[in-house]
Amino acid sequence: MTARCRRTGRVLPYVDGELAAAEAAAFEDHVETCAACRRAVAVQRALEERLVALPRPRLQLADALRLEQAIGERIDRADRSAPPRPRLFALRRVAAAAAVLGAAALGLARWRTAGPVDAPVAVAPVPAAAPRRDVAFEPRAGDPALLEPARAEVVRVLAALPDERSLDDPLAAFHEATRPLREARVPLLPILEQLLKDPDPAPARAAARLLALDARGRSLGPDDPVLVPLLESAMRRADRGDAMVRALVAIGSPRAWAAVAAACELPHLRRDALVALAGRRDGASLPLLQRELQAELKRRESALVDAALAALPAADEARLKLLAELLRAGATPDEVAAALRRARFEAADALAAMLATRGAPRRDALLLAPLLQDDSLVAPLAELVARSDDPSAAAQALARFDGAPTVVAFATLAADPSLSRSRARILSSAFGQWLARCDDPRAVLDAAAEQLHEDARALEALVGFTLATPAPGGAGARLALIACRHLSPADRVRLIQELLTRREPAAPAELLAILGDASAQRDEGAGTAETRASDRLLAALLLCTYVNGGDEPLLEGARAVGGALTPAREARLRAAARALASSVARPGDRTRFDALLELAP
Amino acid sequence: MRLATTTSPPRTPADDDRSLAQDAARGDRRAFDRLVSRYLDRTLRICLRLVGNLEDAEDTVQETFARAHARLSSFAGRSTFGTWITSIALRLCADLERARKSRRRHVGELPHDFDLDRDARAPRSANPSLQSEQRETVRDVEAALARLPRRLRVALTLRTIEGLEYEEVARAMGTTIRSARLYVWEARQRLARELDPEAPP
Chain C
244 MTARCRRTGR
254 VLPYVDGELA
264 AAEAAAFEDH
274 VETCAACRRA
284 VAVQRALEER
294 LVALPRPRLQ
304 LADALRLEQA
314 IGERIDRADR
324 SAPPRPRLFA
334 LRRVAAAAAV
344 LGAAALGLAR
354 WRTAGPVDAP
364 VAVAPVPAAA
374 PRRDVAFEPR
384 AGDPALLEPA
394 RAEVVRVLAA
404 LPDERSLDDP
414 LAAFHEATRP
424 LREARVPLLP
434 ILEQLLKDPD
444 PAPARAAARL
454 LALDARGRSL
464 GPDDPVLVPL
474 LESAMRRADR
484 GDAMVRALVA
494 IGSPRAWAAV
504 AAACELPHLR
514 RDALVALAGR
524 RDGASLPLLQ
534 RELQAELKRR
544 ESALVDAALA
554 ALPAADEARL
564 KLLAELLRAG
574 ATPDEVAAAL
584 RRARFEAADA
594 LAAMLATRGA
604 PRRDALLLAP
614 LLQDDSLVAP
624 LAELVARSDD
634 PSAAAQALAR
644 FDGAPTVVAF
654 ATLAADPSLS
664 RSRARILSSA
674 FGQWLARCDD
684 PRAVLDAAAE
694 QLHEDARALE
704 ALVGFTLATP
714 APGGAGARLA
724 LIACRHLSPA
734 DRVRLIQELL
744 TRREPAAPAE
754 LLAILGDASA
764 QRDEGAGTAE
774 TRASDRLLAA
784 LLLCTYVNGG
794 DEPLLEGARA
804 VGGALTPARE
814 ARLRAAARAL
824 ASSVARPGDR
834 TRFDALLELA
844 P
Chain S
30 MRLATTTSPP
40 RTPADDDRSL
50 AQDAARGDRR
60 AFDRLVSRYL
70 DRTLRICLRL
80 VGNLEDAEDT
90 VQETFARAHA
100 RLSSFAGRST
110 FGTWITSIAL
120 RLCADLERAR
130 KSRRRHVGEL
140 PHDFDLDRDA
150 RAPRSANPSL
160 QSEQRETVRD
170 VEAALARLPR
180 RLRVALTLRT
190 IEGLEYEEVA
200 RAMGTTIRSA
210 RLYVWEARQR
220 LARELDPEAP
230 P
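Read top to bottom, the protein sequences are chains C and S.
Here the working numbering runs 243 ahead of the position in the first sequence, where the first position is 1.
Here the working numbering runs 29 ahead of the position in the second sequence, where the first position is 1.
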């Protein structure tokens, strides 16, 4: 016996499409783990299939005309039995009826002989008293043969409709061109529906296109449950399937979407159907889409998945969940990232909300957030590093973000005295990962240091991160920070000392450029308390230049720093540099390092 | 300089119906004919499912449109024309069901000459035994549907088979959206149990 579940009450709203996307997604998660609900959903789905498969009979055209005529007669009888009303239309109808009786046979015969191609209404000879249309095309004559010329006319009009590149509205053009037919009460929708099955694909495709265009306004008729099965039937033919799918998508009813879902099974339509399902706004097809795309990925076929992702607006949690699952199943990260970026703001909001939750949604968000690279997600991720029970995952996600805000977040977080040691270690390691994958650490670190220039603790933390990172990534970062104007001269000297101690190489040209910039910075601040510290920086840079390039760069650097370079000073510089270089690289040899000032201008 | 532009909201089918109904109320018979063309099929299908035979269904449909024509001036446009005509048809079907109970046959015997486009709904399998199975399934569902209490049958027909929104179902049945939902869900549960006795309650 199946156990009861208190959530089986959600089964019917779920199957009936009455749950909001988020509720539906939550219920789907529940169904995966609840046998009772799974069984109930299966039963209701089976019932839905049976109900949808019930025949929906449609009137034969001739029957429709007969019935319409009977309705007209009943209304006429009621009108006759009612007290007379001075209605103009009644007089017109009497005149029209008289004219029809007199001229129908002759008029219809001529109309059919002449053909309706250019002016189906005008060719009929009409007695002056009668409205022309009644004679030219009197559907109540009940002769189905009359419909053939109308059908031919509709085919002609469809063939002449403006194409996609035209600025003209094809639907308006169709209505204009078929005005005589409509005025003669020729039902156009059944003709269009029949054309869907035409042996010639051209009118079938054109009819489907028109029905798609009409789907919003429904100017051709109400949403008819018959139309969807017709489109579904026609889509099985490869020469028109795509046009039928477009029409189904435009109709957009649950029944139409079920037909689109069925098209996934047709090889010639699989791509169109998956793309259409991906673009479906209400998200009701997401579970099916996920299954189908995962199956594609299992077959190592990513082209269809990429095409579907290109149509998927990643604007809510349900779609983000789908993207995360596809990514895990092997979808191309670039395509997933593109899908995220197409709905950047909505995706960022949804990801931030998912990060604030626990469990699967947060795991999905941690996977997707770095692909979106939206700066608004940096703070929630940093918050997770500081507070969540799994700081590593959040730190690693943060490490995959580009840009200065990430570095600022790292530094600010590390400067927080309440951060535990273990989290600080995780953060430091993540910074190393960030550094290893950063394309231009110098520019990013410079920008970050600029943003942090009033936060000494954060800058200190940034230097600490850099010092804690091993070469080669760490060496590049250290050099980047040495070049950084926003860092204090003392910190820059500390970094240079570290560079020398660890014997990390740097290009002399690069060092000379830094030296030139540091010299200019010193001149800008001449006379301030920073001057001595700046001098120490220049001296340290000169020493570093000598260690990496020898005498020539040293002397070039000295000239750039300024002051007369007399032979005596030149000799003193060389001697001091040589003496320092041989001993300064010993770790902790601060006393000797202080002798750097000898090198100062 | 920016040119002034005028935009008007897009016309919906309901707007179009309302305008046709207004024209019809002013005596424009062509406008009413267009409304008849639009809603004839749907109304006939609903009536057929409720009264159970084509003869009565056609008669009810004729009466539905005749009454609608006579009362056009009372159509205030609060609901759509489609919903209004459906509500008239439902009332007439109820009258007919009461008056002609003995004549009622159920839709297990849908007349085939009524079916314009059989091939679009034909079973896809070429296997005759499978086709016969599918016909039997359809008969079972039709029979189970016919055994449902009237309100449940009406709600399910309008919502699940004709694809109306709950608001339209509610208006046509003269009830609230909540009740319409409950009717549909109750109908689905009963049908599921009827067709699959092991279905969970």
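By construction, the Cβ of each residue, glycine as well, lies at the ideal position given by its N, Cα and C atoms.
Run down chain C in chain order and give the residues with a C-beta less than 9 Å from the C-beta of residue i.
| i | result |
| --- | --- |
| Ser66 of chain S | Ala307, Glu311, Arg428, Pro430, Leu432, Gly464 |
| Asp225 of chain S | Val286, Ala289, Leu290 |
Evaluate residue i with the Cβ neighbour count: other Cβ atoms within 10 Å of its Cβ, from every protein chain shown; 16 or more gives buried, anything less gives exposed.
| i | result |
| --- | --- |
| Asp457 of chain C | buried |
| Asp794 of chain C | exposed |
| Gly800 of chain C | buried |
| Leu410 of chain C | exposed |
| Glu535 of chain C | buried |
| Lys541 of chain C | exposed |
| Thr600 of chain C | exposed |
| Asp412 of chain C | exposed |
| Glu544 of chain C | exposed |
| Ser103 of chain S | exposed |
Residues of chain S with a CB under 9 Å from the CB of residue i: which are they?
| i | result |
| --- | --- |
| Arg317 of chain C | Gln91, Glu92, Phe94, Ala95, His98 |
| Arg448 of chain C | Here the premise fails: no neighbours, minimum Cβ distance about 17 Å. |
| Arg394 of chain C | Correct list: empty, because the minimum Cβ distance to chain S is about 14 Å. |
| Arg422 of chain C | The contacting residues do not exist; Arg422 of chain C stays about 12 Å from chain S at best. |
Enumerate in chain order the residues of its own chain whose CB-to-CB distance from residue i is below 6 Å, with the five nearest sequence positions on each side excluded.
| i | result |
| --- | --- |
| Pro732 of chain C | Ala776, Ser777, Leu780 |
| Leu491 of chain C | Leu474, Ala499, Ala502, Val503 |
| His696 of chain C | His729 |
| Pro604 of chain C | Met597 |
| Asp386 of chain C | Its pLDDT being 47, under 50, Asp386 of chain C is placed unreliably by the model, and the measurement read from it follows with that caveat. The answer is none, since no qualifying residue turns up. |
| Pro623 of chain C | Ala595, Leu598 |
| Asp144 of chain S | Any reading at Asp144 of chain S is ruled out, since the residue's pLDDT is 40, under 50, leaving its predicted position unreliable. |
Residue i touches chain C at which residues, Cβ-Cβ below 7 Å?
| i | result |
| --- | --- |
| Arg217 of chain S | Leu255, Gln287, Leu290 |
| Asp124 of chain S | Neighbours of Asp124 of chain S on chain C: none; closest Cβ ~16 Å, over 7 Å. |
| Ala221 of chain S | Val286, Gln287, Leu290 |
| Asp52 of chain S | Here the premise fails: no neighbours, minimum Cβ distance about 10 Å. |
Within a Cβ cutoff of 8 Å, which residues of the same chain sit near residue i, ignoring the five residues on either side of it in sequence?
| i | result |
| --- | --- |
| Pro576 of chain C | Leu570, Leu614 |
| Leu547 of chain C | Arg513, Arg514, Leu517, Leu536, Glu539 |
| Ala714 of chain C | Arg745, Glu747 |
| Ala402 of chain C | Ala445, Pro446, Ala449 |
Between residue i and the rest of its own chain, which residues show a CB-CB distance below 7 Å, the 5 nearest in sequence each way excluded?
| i | result |
| --- | --- |
| Cys787 of chain C | Ile739, Leu742, Leu743, Ala749, Leu754 |
| Ala173 of chain S | Leu220, Glu223, Leu224 |
| Arg288 of chain C | Val258 |
| Gly260 of chain C | Pro497, Ala527 |
What residue from the options has the CA that sits closest to residue i's CA?
| i | options | result |
| --- | --- | --- |
| Leu722 of chain C | C:Glu407, C:Ala699, C:Ala756 | C:Ala756 |
| Val650 of chain C | C:Arg448, C:Ala603, C:Ala814, C:Gly707 | C:Gly707 |
| Asp124 of chain S | S:Glu165, S:Phe110, S:Asp85, S:Phe94 | S:Asp85 |
| Arg200 of chain S | S:Ala175, S:Arg127, S:Gly106 | S:Gly106 |
| Glu126 of chain S | S:Val167, S:Leu79, S:Glu92, S:Phe94 | S:Leu79 |
| Leu454 of chain C | C:Val488, C:Ala718, C:Arg425 | C:Val488 |
| Ala427 of chain C | S:Thr72, S:Arg168, S:Arg59 | S:Arg59 |
Please compile the residues from chain S whose C-beta is within a distance smaller than 7 Å of the C-beta of residue i.
| i | result |
| --- | --- |
| Ala296 of chain C | Val167 |
| Arg250 of chain C | Near Arg250 of chain C there are no residues of chain S at all, since even the closest Cβ is about 12 Å away, more than 7 Å. |
| Arg489 of chain C | In chain order: nothing, as chain S lies at least about 18 Å away. |
| Asp698 of chain C | Those within 7 Å of Asp698 of chain C in chain S number zero; the least Cβ separation is about 47 Å. |
I want to verify the contact list: residues of chain S whose CB lies under 8 Å from the CB of residue i, in sequence order.
| i | result |
| --- | --- |
| Pro604 of chain C | Correct list: empty, because the minimum Cβ distance to chain S is about 29 Å. |
| Ala321 of chain C | Ala95, His98, Ala99 |
| Arg483 of chain C | In chain order: nothing, as chain S lies at least about 14 Å away. |
Let me check you understand the geometry: is the CB of residue i closer than 7 Å to at least one non-hydrogen atom of the ligand COA?
| i | result |
| --- | --- |
| Leu69 of chain S | Because no ligand of any kind appears in the structure shown, any question about the ligand COA cannot be addressed here. |
Identify the contact partners of residue i in chain C, using a Cβ-Cβ distance below 8 Å as the criterion.
| i | result |
| --- | --- |
| Glu87 of chain S | Leu310, Ala313 |
| Trp214 of chain S | Leu255, Pro256, Asp259 |
| Glu171 of chain S | Leu297 |
Residues of the segment 67-82 of chain S with Cβ closer than 8 Å to any Cβ of chain A, in chain order = The displayed structure is made up of protein chains C and S, and chain A is not among them.
With a cut-off of 8 Å, do at least 3 Cβ pairs link the segment 208-227 of chain S to the segment 173-188 of chain S?
-> yes
Between the segment 642-652 of chain C and the segment 669-681 of chain C, do three or more beta carbon pairs fall short of 8 Å?
-> yes
Are the segment 196-206 of chain S and the segment 219-228 of chain S in contact at 8 Å, needing three or more beta carbon pairs?
-> no
Would you be able to state if there are at least three C-beta pairs under 8 Å between the segment 605-624 of chain C and the segment 582-592 of chain C?
-> yes
The segment 54-63 of chain S / the segment 276-284 of chain C touching (three or more Cβ pairs under 8 Å) = no
Just checking, does the segment 622-638 of chain C make contact with the segment 685-693 of chain C on the three C-beta pairs under 8 Å criterion?
-> no
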